[in-house]
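Everything on this sheet refers to the single structure shown next.
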Amino acid sequence: MADPKLASLLAFVSPSDIVTPESSHYQEQSKTWAVQANKHPLAVVSPRTVEALSGMIAYANTTDLDIGIRCTGIGNATSKDVLISLSAFKAFSFDPDTETITFGAGHCWGEIDAKLEETAPGYAAVSARCTYVGVGGSILHGGQSWLSSEYGLACDPQNLLDVQVIKVDGSILWASEEPDLLWALRGGGGGFGVAIAFKMRVYKYPSSIFCGQIIYPPAALKDVARETAAFASRCDDVKMALHLYCLDMTAGTYAGREANPGLAIFAYDANGPEHGRSGAGFKWALDIPGAVDLTKTLNFRGVNQQFDASKAPFGKINTWAAGVTVPSVDEGLILRAWNWYLSLLEADLRLVMGTYVLMEVMQKAVYQSVGFPSLVSAWPHTANQHNLQLGTGVIPGSPESDALAHKALAEAPFEIRPGHTGADYFPNFLEDFVDPTKVFGANWSKLVEIKKKYDRNNKLGGPFIEE
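For the sequence shown, UniProt numbering begins at 1 and goes up steadily by one.
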């Protein structure tokens with residue numbers, strides 16, 4: 001290779017563990033969720049041992065090479081020079097005495113669900129609600145789960161017990177040996193060290209869960225908005241949750257199919273099918289005129305497989321996303337969100353494949369299980385209860401559409417929810433229009449100091465750099 005520093009870095013692994021742009025595997029192993037985020041690395045490497053990985057990290061820190069750390073690519077991990085894949089780190093163990101699992105950072109959550117089902121049937125982890133999401137990025141940036149309404153976020157200290165880390169000098173430790181490091185990893189992202197393994201608590205959990213889509217025609221919007229708001233106001237059952245979203249997310253353009261106007265509720269009730277269909281459950285949703293009942297009874301792993309169609313845009317569109325936390329869900333909020341969605345598509349139909357509204361109705365423990373502001377995690381959490389996920393996107397090729405998508409998403413939270421502040425974002429999506437000093441609030445200064453201690457040269461990226 002022309003660059004001796006690059007050649008020296010790649011020498012830590014065998015040639016068979018290196019993928020270059022000429023390889024047929026390059027696109028799959030280097031793609032980012034958002035096309036515009038991809039820096040097209042010169043090489044993707046997959047070290048097979050901790051020793052090789054630690055050597056690469058230590059050497060890279062002495063150079064000006066740009067590196068990135070990738071699990072599945074959902075979080076847009078990329079680099080200009082070398083993208084380091086953690087795909088080989090797939091160790092897994094369950095300890096029945098402590099009810100904990102320890103697992104490598106190369107897993108996606110679907111693999112963890114499957115291994116847990118095999119080795120510890122009847123248990124569930126605070127895992128992502130899609131199987132294709134990588135464990136590392138989701139845990140370190142918060143980690144919302146169907147279990148979160150009862151047990152909090154994946155990053156919360158009652159769930160994330162420890163993280164094995166390679167520091168930028170190549171040393172390896174469990175973060176609990178240096179409490180500030182573990183604190184920073186609980187919601188602060190991966191910019192303090194390379195996380196290679198996690199230790200998490202798991203919970204005994206029902207295996208008969210009422211769940212699935214209830215689809216509605218566009219004309220039912222007002223009825224759905226009214227009844228969803230009423231449910232959000234009255235429900236305090238930690239075994240229940242609800243997603244309200246544009247139907248294109250799972251059955252239309254976002255899933256790579258023909259446009260499918262309409263809206264849907266995804267009902268979740270771990271109390272079981274009888275409760276799910278009752279007046280205490282989701283009978284109200286099934287009784288709305290025009291409802292099409294696609295619900296079923298599944299175990300926890302099966303529930304998480306239901307949103308796998310939403311992986312279709314991965315690496316195909318320019319896209320931006322925001323998780324907007326809101327204190328309550330009322331009819332007006334839902335109607336404003338849908339008006340924003342429909343108005344944006346009317347302004348530019350090119351945005352139909354990548355634009356969505358997803359209203360997540362949850363319980364207070366999701367964001368408040370450790371109090372607010374939280375002193376035990378990097379993200380201080382929020383007094384808000386629910387998450388309004390918004391996304392915009394477009395097939396690459398139109399700078400005008402890109403500009404509209406970006407501008408619309410930046411303005412949407414303020415348009416949809418009067419009273420929105422710059423702090424009201426979940427930390428998994430921090431686009432350039434989000435001010436991280438507000439998102440991390442009272443914990444910002446401490447995070448900057450910890451970043452200086454562990455990654456002064458910002459080799460691992462992240463927002464905690466003083467300008």
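Even for Gly, the Cβ is constructed at its ideal location relative to N, Cα and C.
Straight-line gap, residue i to residue j (C-alpha atoms, nearest Å)
i      : j      : result
Leu351 : Ser46  : 35 angstroms
Trp146 : Ala365 : 12 angstroms
Phe300 : Pro4   : 49 angstroms
Ala175 : Phe282 : 43 angstroms
Tyr59  : Lys39  : 21 angstroms
Val324 : Pro380 : 15 angstroms
Gly302 : Gly279 : 24 angstroms
Gly332 : Thr98  : 46 angstroms
Tyr216 : Ile395 : 27 angstroms
Arg336 : Gly354 : 19 angstroms
Gly461 : Asp66  : 10 angstroms
Arg234 : Ser138 : 29 angstroms
Leu86  : Asn61  : 18 angstroms
Lys90  : Lys115 : 11 angstroms
Ile214 : Pro15  : 50 angstroms
Ala230 : Asp330 : 8 angstroms
Closest by C-alpha distance to residue i, when choosing among the options
i      : options                        : result
Asp248 : Lys31, Pro261, Ala241          : Pro261
Thr297 : Phe266, Lys5, Val326           : Phe266
Leu342 : His25, Glu178, Tyr245          : Tyr245
Val82  : Ala91, Thr63, Thr437           : Thr63
Gln306 : Thr250, Gly323, Thr319         : Thr250
Gly212 : Pro273, Ser127, Phe231         : Pro273
Arg186 : Arg277, Asn443, Ala270, Glu415 : Asn443
Thr295 : Glu346, Ser208, Trp340         : Ser208
Ala37  : His141, Asp66, Gly290, Thr319  : Thr319
Gly256 : Ile112, Leu161, Ile317, Pro427 : Ile317
Ala309 : Gly397, Tyr254, Ser398, Asp293 : Tyr254
Lys438 : Thr102, His420, Glu178         : His420
CB-CB length for residue i against residue j, believed under 8 angstroms
i           : j      : result
Tyr268      : Ala241 : 4 angstroms
residue 469 : Leu153 : This structure cannot speak to residue 469, because the chain is shown only from 1 to 467.
Pro121      : Lys80  : With a Cβ gap of about 45 angstroms, Pro121 and Lys80 do not count as contacting.
Ile334      : Ala195 : About 37 angstroms; that fails the 8 angstroms criterion.
Gly192      : Asp455 : In the sequence as displayed, the identity of residue 192 is Phe instead of Gly. Between Asp455 and Phe192 the Cβ distance is about 6 angstroms, and since that is below 8 angstroms, they are a contact.
Ile112      : Val135 : 6 angstroms
Leu182      : Asp169 : 18 angstroms between Cβ atoms; not a contact.
Leu160      : Met200 : 6 angstroms
Chain-order list of residues whose beta-carbon lies under 6 angstroms from that of residue i (same chain, five-residue window excluded)
i      : result
Gly315 : Lys31
Leu404 : Asp348
Val376 : Pro157, Val370
Thr119 : Phe94
Gly68  : Ala77, Thr78, Ser79, Leu83
Gln29  : Val19, Val44
Cutoff 7 angstroms; reference residue i; Cβ partners in own chain excluding five residues on either side
i      : result
Asp435 : Gly422
Arg48  : Asp17, Ala88
Trp338 : Leu221, Val357
Asp180 : Ile450
Leu447 : Ala184, Gly188, Ala378, Phe440, Phe464
Glu360 : His243, His386, Asn387, Gln389
Tyr203 : Tyr123, Ala124, Leu147, Tyr151
Gly106 : Cys71, Leu86, Ser87, Ala88, Phe89, Lys90
Cβ-based neighbour list, residue i, same chain, cut-off 8 angstroms, excluding 5 preceding and 5 following
i      : result
Pro218 : Pro261, Gly262, Leu263
Ala322 : Gln389, Leu390, Gly391, Leu409, Ala412, Pro413, Tyr425, Phe429, Glu431, Val434
Val133 : Thr72, Ile74, Cys108, Trp109
Asp287 : none
Leu10  : Met1, Ile18, Ala43, Val45, Val82
Glu227 : Trp284, Ala285, Ile288
Ala383 : Pro327, Tyr367, Gln368, Phe372
Asn304 : Trp109, Gly110, Asp113, Ser127, Ala128, Arg129, Cys130, Thr131, Trp146
DSSP three-state assignment for residue i, whether helix, strand or coil
i      : result
Ile395 : coil
Phe433 : coil
Phe231 : helix
Thr100 : strand
Tyr454 : helix
Asp248 : helix
Gly441 : helix
Asn387 : strand
Gln158 : coil
Ser149 : helix
Lys316 : coil
Ile57  : helix
Trp338 : helix
Arg201 : strand
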